[in-house]
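Right, one structure below, let's go through it.
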Amino acid sequence: MTFDERLAAIRAAMIEHKLDAIVAIHDGAHFIETPNPVFVLSGFKSLGPTAMVLPRDGEATLIVTPAWDADRAAECCPTLRVIAADDVADALASARDHGSLRGARIGIAGLAFTRWDIAGRLAQMLPHARAADGIVFDAAAVKTVEEIANAREATRIAELGYARLIEIARPGMSEDALALELKWYTKTLGAEDNFLLLCAGPRNAAVAPSNGRTMQRGDILVAEITPSYRGQLAQICRTATLGPASADLKHKYDLLVRAMNAGIGAAHPGAPMAAVCCAINTVLEAEGYGEYCHPPHIRRRGHGLGFGSIRPGDVSLDNDSVLTEGMVFMIHPNQHLPETGYLLCGEPVLLTAHGAEPLTQRRSALVEIGL
Amino acid sequence: MLAMNPTLLIGPADWDPARFPREEFATRAEAFWRANQSATGAIVYGDRVNHAELAYLTNFTPKLEAALALIPRQGSPQLLVGGGANMLPAAKPLTFVEDLRPLRHVGKTVAQWAREHGGDAPVLIGSAFMPYALHQEIAAALASKIGDKTAELRPLMVRKSARELAVLREACATLDAAIAAIRASQAAGAGVTATILAGEQVANRAGAQDIRTLFSLDGGRTLRPFETLVERAVDPLQVYVAVRRLGYWTEGLAVLTAPPHPCAQRAGTVLREAVSRMQAGARCSEIARGIAQANLALHPLTARIAGNAIGLALEEPPLIAAGCEERIEPGGVYSLRVGLSDERGHAIVSAMVAVRDRGNEVLWSSPEAAR
Numbered sequence: 323m324t325f326d327e328r329l330a331a332i333r334a335a336m337i338e339h340k341l342d343a344i345v346a347i348h349d350g351a352h353f354i355e356t357p358n359p360v361f362v363l364s365g366f367k368s369l370g371p372t373a374m375v376l377p378r379d380g381e382a383t384l385i386v387t388p389a390w391d392a393d394r395a396a397e398c399c400p401t402l403r404v405i406a407a408d409d410v411a412d413a414l415a416s417a418r419d420h421g422s423l424r425g426a427r428i429g430i431a432g433l434a435f436t437r438w439d440i441a442g443r444l445a446q447m448l449p450h451a452r453a454a455d456g457i458v459f460d461a462a463a464v465k466t467v468e469e470i471a472n473a474r475e476a477t478r479i480a481e482l483g484y485a486r487l488i489e490i491a492r493p494g495m496s497e498d499a500l501a502l503e504l505k506w507y508t509k510t511l512g513a514e515d516n517f518l519l520l521c522a523g524p525r526n527a528a529v530a531p532s533n534g535r536t537m538q539r540g541d542i543l544v545a546e547i548t549p550s551y552r553g554q555l556a557q558i559c560r561t562a563t564l565g566p567a568s569a570d571l572k573h574k575y576d577l578l579v580r581a582m583n584a585g586i587g588a589a590h591p592g593a594p595m596a597a598v599c600c601a602i603n604t605v606l607e608a609e610g611y612g613e614y615c616h617p618p619h620i621r622r623r624g625h626g627l628g629f630g631s632i633r634p635g636d637v638s639l640d641n642d643s644v645l646t647e648g649m650v651f652m653i654h655p656n657q658h659l660p661e662t663g664y665l666l667c668g669e670p671v672l673l674t675a676h677g678a679e680p681l682t683q684r685r686s687a688l689v690e691i692g693l
Numbered sequence: 003m004l005a006m007n008p009t010l011l012i013g014p015a016d017w018d019p020a021r022f023p024r025e026e027f028a029t030r031a032e033a034f035w036r037a038n039q040s041a042t043g044a045i046v047y048g049d050r051v052n053h054a055e056l057a058y059l060t061n062f063t064p065k066l067e068a069a070l071a072l073i074p075r076q077g078s079p080q081l082l083v084g085g086g087a088n089m090l091p092a093a094k095p096l097t098f099v100e101d102l103r104p105l106r107h108v109g110k111t112v113a114q115w116a117r118e119h120g121g122d123a124p125v126l127i128g129s130a131f132m133p134y135a136l137h138q139e140i141a142a143a144l145a146s147k148i149g150d151k152t153a154e155l156r157p158l159m160v161r162k163s164a165r166e167l168a169v170l171r172e173a174c175a176t177l178d179a180a181i182a183a184i185r186a187s188q189a190a191g192a193g194v195t196a197t198i199l200a201g202e203q204v205a206n207r208a209g210a211q212d213i214r215t216l217f218s219l220d221g222g223r224t225l226r227p228f229e230t231l232v233e234r235a236v237d238p239l240q241v242y243v244a245v246r247r248l249g250y251w252t253e254g255l256a257v258l259t260a261p262p263h264p265c266a267q268r269a270g271t272v273l274r275e276a277v278s279r280m281q282a283g284a285r286c287s288e289i290a291r292g293i294a295q296a297n298l299a300l301h302p303l304t305a306r307i308a309g310n311a312i313g314l315a316l317e318e319p320p321l322i323a324a325g326c327e328e329r330i331e332p333g334g335v336y337s338l339r340v341g342l343s344d345e346r347g348h349a350i351v352s353a354m355v356a357v358r359d360r361g362n363e364v365l366w367s368s369p370e371a372a373r
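In structure tokens, the structure reads:
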């Protein structure tokens, strides 16, 4: 799929849903868990609040704040009409008053995630607008050729980042210092952002943002290394020990690797996402961990990836989304086990006609960092 | 000034009781209650992007998901942290608040707290930043009987305590070291990415909590965030660097080039004159007017807003801009920016200014303005 083909699919869906225009809104708070409809429709990652007006036919408009960032937007999106604005809601109101939206049947995407001082005004300004999140985000469930290439590069950076972690993580270093060094290092490789969760301890309750804790010999270090390359995220979930790992930990980690491989094996075009989760759970249930395969212990076994759309959504038992060639998502059995605490194990995969292709060169394995 | 918001905050944000003891926060809360006699409690929102008010009252910086502090007029505060119960251990070191709970069932939780602890007239702080859906949930739970008092907290935040000023000085020293490293790298002929990252690494290793950068590839006409690797060297190199330390931001703009840069020198002269007018009681609009009266072509980046108060947020009110009739406060710390742009060149320079009862102190300034 190309970007233009995706846009054509969105416009076709607008006709089907009887929409004359879609207003996409994003407040500039980029987050792995909240999709960005402006990024889906334009490919532009903004500094501040932005909006895009996509008519069913004709020229689309990108409203950019701060105004001084409009040149960058125009360079990124040469086919769009770019409006430099100091206030995104005022600029949208102006567009409405000048006829761009008057009388039109409007769909709106991104409203629920947008901060109140913008979203509240939009809701008042477009009281009859219908939610169009599904139209925008569903169309982006399959990645474009460019996004797939970017996901591969982001994965390459993630693996290099992990190699760096193994090289430098030592007792006496704080989690924060290690995380900062990895963020900086992945930036030198081209990652413009990194959702890097990293923590360590003798027994982790979860993976969490780093803090000032000083790492110690014997710690289990868990890391979700998630660089973004040109706006496309890819993630690897890894576990390492500071010093030798116990035989029990190795055994349990092998179980997670088997579960992950079962999940990867179950992912193929036409299968529901729930089947991937089920395959992972089955391996763990067979070893007596059925109780730990459900909330509160575990919520999902993976998720979509991207600052634009996070479709196809979570790898969970309640996700009936049908897998399609070209989707990119995480499969990670990340699991709390009573003997070991929380462990991370997961790969980003591209769904091909032949099944799920891990984008990594080396699959997850427990690493013992020599001291 | 606005730079790209990351998907996750990475860097040291633990509460340091030696630098900011509980008394500091108690004093802040008491000042707020004095200014809001009828308020019986406060519901304070913060997220990765907007959390200055939350940090001011609790020291908590939400690195990952949003948080709500429930602060009664009498009694102990609660902090509701996003991400589930497993995230609480990681959140604990970031605040003095002892009662941490998962942020879930927000409407019900907030309504129950208001009934039991928050009295019949709690106020909201930071509600403009809440996602639309969350704001609606809270408004519904409290039957919309609640007003936002963020504007009444902000004047208290403008006047910095001795402790805050000490941290801001340290942050300025880190900013200076970062820009010196960028200058040295650029002078050695390094490419743009390597040059910028040299400064970021110096800041990281000096203990910065966060660092954000913008740079120019067109001689200072526009600024851009890191998007992808730029290996070519650029001279002159216009940079923007923001450094955060123990919660407090400083920022600086500099033009890096070996030969004399007449535009930067002119901008430096205008900035020095503007700094001299940064006196307690001066109107923000007067400062902005003084810059405009230099009769030089202002840079688009600084033409509308020439500065702002700075502290726990990069951009705090008041803005130094035409039409802003608020006065410069003694005890306030401000970022002041002057940019010039014409056919002869482009340059933006800046200063960090601490305003005293009489006179002011330049905490940092672009080298062009220090001459």
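These protein sequences, in sequence, are chains Y and S. Here the first sequence stands for residues 323 to 693, where the numbers follow the working numbering. Here the second sequence stands for residues 3 to 373, where the numbers follow the working numbering. Where is the CB? At the ideal position from N, CA and C, for every residue including glycine.
Taking 8 Å as the cut-off, the Cβ atoms of Asp498 (chain Y) and Ser550 (chain Y) do not count as close.
DSSP places Phe651 (chain Y) in no alpha helix (DSSP H) but in the uninterrupted beta strand (DSSP E) bounded by 650-653. Per DSSP, reduced to three states, the secondary structure at Glu67 (chain S) is coil, with no helix or strand assignment.
Listed along the chain, the chain Y residues whose CB falls inside 9 Å of the CB of Thr230 (chain S) are Gly512, Glu514, Tyr551, Arg552. With the criterion set as a beta carbon lying under 8 Å from some beta carbon of chain Y, the region 347-358 of chain S has no members that meet it. Three or more beta-carbon pairs drawn from the region 100-120 of chain S and the region 81-92 of chain S are found closer than 8 Å, and the two stretches are therefore classed as touching. Looking at the DSSP output, Cys667 (chain Y) bridges to nothing.
Following the DSSP letters along the chain, one finds Ser416 (chain Y) in no beta strand (DSSP E) but inside the alpha helix (DSSP H) bounded by residues 410-419. When secondary structure is reduced to three states using DSSP, Gly109 (chain S) falls in the helix class. His107 (chain S) does not reach chain Y, its nearest Cβ partner there being about 14 Å away, counting only Cβ pairs nearer than 7 Å. With a cut-off of 8 Å on Cβ pairs, the region 460-476 of chain Y is not in contact with the region 434-445 of chain Y, counting fewer than three such pairs. Listed by position along chain S, the residues whose Cβ is nearer than 9 Å to that of Asn358 (chain Y) form an empty set, because the closest Cβ is around 11 Å away. Ala266 (chain S) and Tyr336 (chain S) have their C-alpha atoms some 21 Å from each other. Among the residues facing chain S, Arg333 (chain Y) is not included, as its CB has no counterpart in that chain under 8 Å away.
Around the CB of Asn297 (chain S), fewer than 16 other CB atoms lie within 10 Å, so the residue is classed as exposed. The residue from Y:Thr383, Y:Cys399, Y:Gly429 with its alpha-carbon nearest to that of Val410 (chain Y) is Y:Thr383. Going by beta carbons, Arg418 (chain Y) and Met374 (chain Y) fall outside the 8 Å limit. Comparing C-alpha distances from Ala588 (chain Y) to each of Y:Leu543, Y:Phe353, Y:Val464, Y:Gly677 shows the shortest one belongs to Y:Gly677. With at least 16 other beta carbons inside 10 angstroms of its own, Thr304 (chain S) counts as buried. DSSP places His573 (chain Y) inside the alpha helix (DSSP H), whose first and last residues are 569-588.
Taking Ala44 (chain S) as the centre and dropping the five residues before and after it, the same chain places the C-beta of Ile73, Val125, Ile127 closer than 6 Å to its C-beta, in chain order.
Between Arg427 (chain Y) and Asp408 (chain Y), the alpha-carbon positions lie close to 26 Å from each other. With a beta-carbon spacing of about 50 Å, Leu144 (chain S) and Ala183 (chain S) fall beyond the 8 Å limit used to define contacts.
DSSP lists no bridge partner for Ser278 (chain S). For Thr561 (chain Y), the enclosing beta strand (DSSP E) begins and ends at 558-564. Listed along chain S, the residues sitting closer than 8 Å to Phe435 (chain Y) by beta-carbon distance are Pro133, Tyr134, Ala135.
Rounded to the nearest whole angstrom, the C-alpha separation of Glu100 (chain S) and Pro262 (chain S) is 56 Å. Contact check for Tyr58 (chain S) against Leu314 (chain S) passes: the beta carbons are separated by less than 8 Å. Counting C-beta pairs closer than 8 Å gives three or more between the region 534-547 of chain Y and the region 514-522 of chain Y, which meets the contact rule.
Boundaries for Leu177 (chain S): no beta strand (DSSP E) harbours it, while the alpha helix (DSSP H) harbouring it runs 164-189, taken from the DSSP string. Within the same chain, Ala562, Val689, Ile691 come within 8 Å of Ile488 (chain Y) by CB-CB distance, once the 5 residues on both sides are set aside. For Leu543 (chain Y), no alpha helix (DSSP H) run applies; the uninterrupted beta strand (DSSP E) run containing it begins and ends at 542-547, by DSSP.
The residue among Y:Lys509, Y:Ile385, Y:Leu665 with its C-alpha nearest the C-alpha of Leu577 (chain Y) is Y:Leu665. When only Cα atoms are considered, His590 (chain Y) and Arg622 (chain Y) end up about 18 Å apart.
With fewer than 16 other Cβ atoms from the protein chains shown falling within 10 Å of its own Cβ, Lys340 (chain Y) counts as exposed.
Distance from the CA of Glu679 (chain Y) to the CA of Gly624 (chain Y), rounded to the nearest whole angstrom, comes to 15 Å.
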